[in-house]
Every structure is written in C-alpha cells, then in structure tokens.
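Quick notes on the structure that follows.
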Amino acid sequence: DQQQGIVLTGAPRPDRQIVGPGTKVAISLAPDAQGLGAASDYSFTVGDMADPMAPSRVILLERGDQPTFVNTNLRLLNGFDYLFDAENGIVGYRWTGRIPAGSSNGQSRRF
Numbered sequence: 116d117q118q119q120g121i122v123l124t125g126a127p128r129p130d131r132q133i134v135g136p137g138t139k140v141a142i143s144l145a146p147d148a149q150g151l152g153a154a155s156d157y158s159f160t161v162g163d164m165a166d167p168m169a170p171s172r173v174i175l176l177e178r179g180d181q182p183t184f185v186n187t188n189l190r191l192l193n194g195f196d197y198l199f200d201a202e203n204g205i206v207g208y209r210w211t212g213r214i215p216a217g218s219s220n221g222q223s224r225r226f
C-alpha cells in the first residue's frame, strides 16, 4: 500500500486500521521537487524494539483527499533534530549522528 510519501509492506488490521507488528514502513521526509525521489527517507519495522527510532505501534487514520500526515512520535527524535518554521509553514530535520545512518537493524536512513 502506498500513500503520498509513505509505503507499507503488509496490511493493516481491519479493526481501527492498526498496522501490525513486523510491518515495514518507509517514509519520505523531504520529497525532491524534481521528482528524483526523496532527499531524505526513514524506514522502520513496526514494533522493532531493537531500533531506537521504530514506534511500538502505528495507527492509520483516513484523511480523505488531504495529504498524508504522519505523527512520528518521540522515537523519531532519537535520530533527528527537528525545527518548525511556523511563519512559513516549513519543517526541517537534521540527522544527529547518534544512531548510524544507512542501515540499522536492516532499516534505511538516508540523508
């Protein structure tokens, strides 16, 4: 299943659309304006407690025709600094280097 900037490999449970443990999720944090792919991406396996950036659970919410929204929870901040420019509505992420980039427990972090 794929929605703007998010790819799931596995099906959500029919009740409350909870994404089951073991489901791989890939998120494009900053899609490239030229259509060449994401400038940054973040992927994890739901419930992988060996990965300090993986959430214990993911719940999908139907948003109709609105863009995809991701509430990353605090675990994302184990690897990123986060800045939100409220005046311009722009968000920025900076890799902290506290967790190795590239591959961690088979997951992707590209910056």
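In our numbering, the protein residues as written are 116 to 226. Idealized CB from N, CA, C, for every residue including glycine. The structure displayed is predicted, hence computed values, not measured ones.
*Assign Ser219 to buried or exposed, taking buried as 16 or more other Cβ atoms, counted over all protein chains shown, within 10 Å of its Cβ.*
If you number the sequence shown from 1, residue 219 lands on position 104. Reliability of the predicted coordinates at Ser219 is poor, the pLDDT of 47 falling under 50, and no value is obtained from them.
*Between which two residues does the beta strand (DSSP E) harbouring Asp156 extend?*
Start at 1 with the first residue of the sequence shown, and residue 156 comes out as number 41. Going by DSSP, Asp156 is part of the beta strand (DSSP E) stretching over 156-160.
*State the beta-bridge partners of Ser143 as determined by DSSP.*
Locating residue 143 in the sequence shown gives position 28, counting from the first residue. According to DSSP, Ser143 shares a beta bridge with Asp156.
*Just grab the DSSP bridge partners of Ala174 for me.*
If you number the sequence shown from 1, residue 174 lands on position 59. It should be noted that the sequence gives Ile, not Ala, for residue 174. Its beta-bridge partners are Ile133.
*Tell me, please, which residues DSSP counts as bridged to Ile205.*
Counting from 1 along the sequence shown, the entry for residue 205 is found at position 90. Paired residues: Asp200.
*Cα-Cα, which of Ser158, Glu202, Gly179, Leu175 is closest to Ala169?*
The count along the sequence shown starts at 1 and reaches residue 169 at position 54. For Ala169, the nearest C-alpha among the options comes from Ser158.
*Inter-residue Cα distance where the pair is Arg209 and Ser143*: Within the sequence shown, the letter at position 94 stands for residue 209. Within the sequence shown, the letter at position 28 stands for residue 143. Those two C-alpha atoms are separated by around 14 Å.
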